[in-house]
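To start, the structure itself, in structure tokens.
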Ligand SMILES: Cc1cc2nc3c(=O)[nH]c(=O)nc-3n(C[C@H](O)[C@H](O)[C@H](O)COP(=O)(O)O)c2cc1C
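Numbering (our numbering), first residue to last: 35 to 193.
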């Protein structure tokens with residue numbers, strides 16, 4: 035079992051300020067407002083044209099984003115708690131509302147608005163995501179185990 039310590043600095047997300055980003059259909063950033071840029075530690079020009087996962091924090095479970103994309107592609111909004119990675123390796127928590135931009139019935143892009151998260155909720159969500167990740171990693175390990183067994187039997191066939 036590996037233990038890691040989170041020694042990176044948390045950035046507090048300001049109240050009463052909009053934190054906005056927009057992407058194209060592939061999740062590539064097309065717009066950020068100045069508040070988004072400063073919280074993530076980037077200049078706006080460094081973010082435009084980059085995939086939105088540039089700020090993905092390794093503590094976020096894969097399933098959260100799978101659910102996000104499933105909802106977006108079926109023209110629904112997704113709301114959830116997200117821990118994001120800053121350019122300086124620090125982090126910040128937001129409650130994100132992400133939705134499709136629809137024109138003439140077709141999805142033309144996506145937009146996101148974010149709000150600050152209170153301390154208790156951050157602690158709770160960190161625990162929830164840690165547990166989900168642990169389970170996801172178990173599934174991943176089982177898959178690798180099967181693959182390596184297959185590899186062994188293939189090797190023995192070669193001999
Ligand atoms: C409008 C919009 C906003 C997004 N905001 C974030 C975000 O703040 N943080 C994040 O990690 N992913 C965000 N995503 C999801 C990313 O596109 C991506 O799916 C996620 O970071 C996981 O990376 P992966 O798909 O490469 O595994 C957003 C997606 C869209 C469409």
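Every residue, glycine too, gets a C-beta built ideally from N, C-alpha and C.
Grab me the residues of residue i's own chain with a C-beta within less than 8 Å of its C-beta, minus the 5 sequence neighbours each way, in chain order.
{"i": "residue 65", "result": "54, 55, 56 and 82"}
{"i": "residue 151", "result": "47, 115, 127, 128, 129 and 159"}
Closer than 6 Å by C-beta to residue i: which residues in its own chain qualify, once you throw out the five before and the five after it? Chain order, please.
{"i": "residue 122", "result": "75"}
{"i": "residue 148", "result": "53, 128 and 130"}
{"i": "residue 146", "result": "55, 130 and 132"}
With C-beta atoms as the reference, is residue i less than 7 Å away from residue j?
{"i": "residue 127", "j": "residue 96", "result": "no"}
{"i": "residue 134", "j": "residue 109", "result": "yes"}
{"i": "residue 91", "j": "residue 61", "result": "no"}
{"i": "residue 144", "j": "residue 106", "result": "yes"}
{"i": "residue 118", "j": "residue 89", "result": "yes"}
{"i": "residue 63", "j": "residue 45", "result": "no"}
Excluding the 5 residues preceding and the 5 following residue i in the sequence, name in chain order all residues of the same chain whose CB lies nearer than 7 Å to its CB.
{"i": "residue 42", "result": "123, 124 and 125"}
{"i": "residue 170", "result": "95, 96 and 97"}
Between which two residues does the alpha helix (DSSP H) holding residue i run?
{"i": "residue 105", "result": "96-107"}
{"i": "residue 69", "result": "68-74"}
Around the C-beta of residue i, are 16 or more other C-beta atoms found within 10 angstroms, so that it is buried, or is it exposed?
{"i": "residue 50", "result": "exposed"}
{"i": "residue 136", "result": "exposed"}
Over what stretch of residues does the beta strand (DSSP E) that includes residue i continue unbroken?
{"i": "residue 81", "result": "Segment 78-81 is the alpha helix (DSSP H) holding residue 81; no beta strand (DSSP E) there."}
{"i": "residue 133", "result": "125-137"}
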